[in-house]
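Visitor: Would you mind keeping the following structure in view while I ask a few things?
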Amino acid sequence: ASPARAAGGGVSPLVIAHRGASAYAPENTLAAVDKAAELGIRWVENDVQRTRDGELVVLHDDNLRRTTDVEEVFPDRAPWKVRDFTAAEIARLDAGSWFGPAYAGARVPTLEQFVHRVEHHHQKLLLEIKNPELYPGIERQTLKVLSNEGWLDRRHLAGRLIVQSFSADSVRTVHELKPGVKTGFLGTPPVSDLLDYADFADQINPSHGSLSPAYVASVQAFDGPHGRPMEVFTWTVDDAATAQRVAGYGVDGIITNKPDVVRKAVRG
Ligand code: G3P
Ligand code: CA
């Protein structure tokens, strides 16, 4: 399919479902992936962390309290950090009831399960390595899981996978371990530093509040490690007015909890 055209004549930004379509289903669950698919959204973002026994799981916070019933199931295990629980323990938790009764029984997926579901829907994955300082070696391990699932073959590397992080070290490590993988740095580095980032990051992905048209143009003026202009995906935009504003800046992607709202705003 050819890229959609925005109202002003430019190519409209990609729309990425943040933690899945997380305004409509519990974040980072398989239900949130399904919801994005149901809305016809091709790109899904997620957050990856590691359990005590070394399994990669998909969860945003570094503790389990906000999005699961961990305090009820394991009342004496404060402060309920992800890294203090085994995968089997986490698999017992309800990660859906906090969002609504319709999602009771939803689980915290493993990275493997999450990737399977994305693959099932023929979607694309923007994978965030979350808190890498807590999980030494998580970059290599993430790439291993992706490789086992076939996500490091040419078909995916040609446009279905991006790995991003707030940690520049982590992004650089991913690039060095597997140079073919497209990478993104989460943040807004000064323009004077962009040349350094261009060595290992294909994208610079800032919060929408820190964006300006000049900044977007500055990023896109650099070529990334694959010899193509660096891109800008911005987050987390949930209203039409902001989506239209950042689309007008020329961003390449908009990460949103409400992908239907953003798609309508930028594509009409
Ligand atoms: O993908 C961008 C966004 O997810 C970064 O912030 O805190 O939602 O992981 P956060
Ligand atoms: Ca994230």
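When the sequence shown is numbered by UniProt numbering, its final residue is 290 and no position is left out of the sequence of numbers. We put the CB at the ideal spot given by N, CA and C, even for glycine. Since this is a predicted model, take the numbers as computed values, not measurements.
Taking the alpha-carbon positions, what's the methionine 252 to lysine 280 distance?
Guide: Looking at the two C-alpha atoms, the distance is approximately 25 Å.
Visitor: Cα separation between leucine 148 and histidine 138?
Guide: 14 Å
Visitor: Quick one: which unbroken alpha helix (DSSP H) runs of 4-plus residues sit fully inside the region 127 to 194? Chain order, please.
Guide: Restricted to the region 127 to 194, the alpha helix (DSSP H) segments that are unbroken, complete and at least 4 residues in length are 133 to 142, 160 to 170, 176 to 179, listed in chain order.
Visitor: Over the uninterrupted beta strand (DSSP E) stretch that includes alanine 39, give me the two end residues.
Guide: 36 to 39
Visitor: For asparagine 85, which residues of its own chain have a beta-carbon under 7 Å away from its beta-carbon, when the five flanking residues on both sides are left out?
Guide: Pro101, Trp102, Lys103, Val104
Visitor: On the three-state DSSP scale, how would you describe serine 119?
Guide: Of the three classes helix, strand and coil, the one that applies to serine 119 here is coil, per DSSP.
Visitor: Quickly, what does DSSP pair glycine 206 with across the bridge? List them, please.
Guide: According to DSSP, glycine 206 bridges with Gln186, Gln225.
Visitor: Quick one: what's proline 251 bridged to in DSSP?
Guide: Asp245
Visitor: Let me check understanding here. Comparing Cα to Cα, which of Thr51, Leu208, Val33 lies closest to glutamate 134?
Guide: Thr51
Visitor: With a threshold of 8 Å on Cβ separation, who are the neighbours of valine 167 within its own chain once the five nearest residues in sequence on each side are excluded?
Guide: Hits under 8 Å: Leu78, Leu133, Glu134, Val137.
Visitor: Should leucine 156 be labelled buried (16 or more other beta-carbon atoms within 10 Å of its own) or exposed?
Guide: exposed
Visitor: What first and last residue would you give for the alpha helix (DSSP H) that runs through leucine 78?
Guide: Run containing leucine 78: none in the alpha helix (DSSP H); it sits in the beta strand (DSSP E), 78 to 80.
Visitor: I need the straight-line Cα distance from arginine 99 to proline 228, nearest angstrom please.
Guide: 35 Å
Visitor: Would you decide whether lysine 286 is buried or exposed? Buried here means 16 or more other CB atoms lie within 10 Å of its CB.
Guide: For lysine 286, the number of other beta carbons within 10 angstroms of its own is below 16, and it is reported as exposed.
Visitor: So, with DSSP's three-state summary, where would you put serine 264?
Guide: For the record, residue 264 in the displayed sequence is threonine; it is not serine. Helix at threonine 264.
Visitor: State the Cα-Cα distance for the pair threonine 256 and glutamate 94, rounded to the nearest angstrom.
Guide: Distance between the alpha carbons of threonine 256 and glutamate 94 is about 36 Å.
Visitor: Do you know how far the Cα of serine 119 is from the Cα of phenylalanine 244?
Guide: Straight-line Cα distance between these residues: approximately 45 Å.
Visitor: Cβ-heavy atom distance between tryptophan 120 and ligand 1 below 6 Å?
Guide: no
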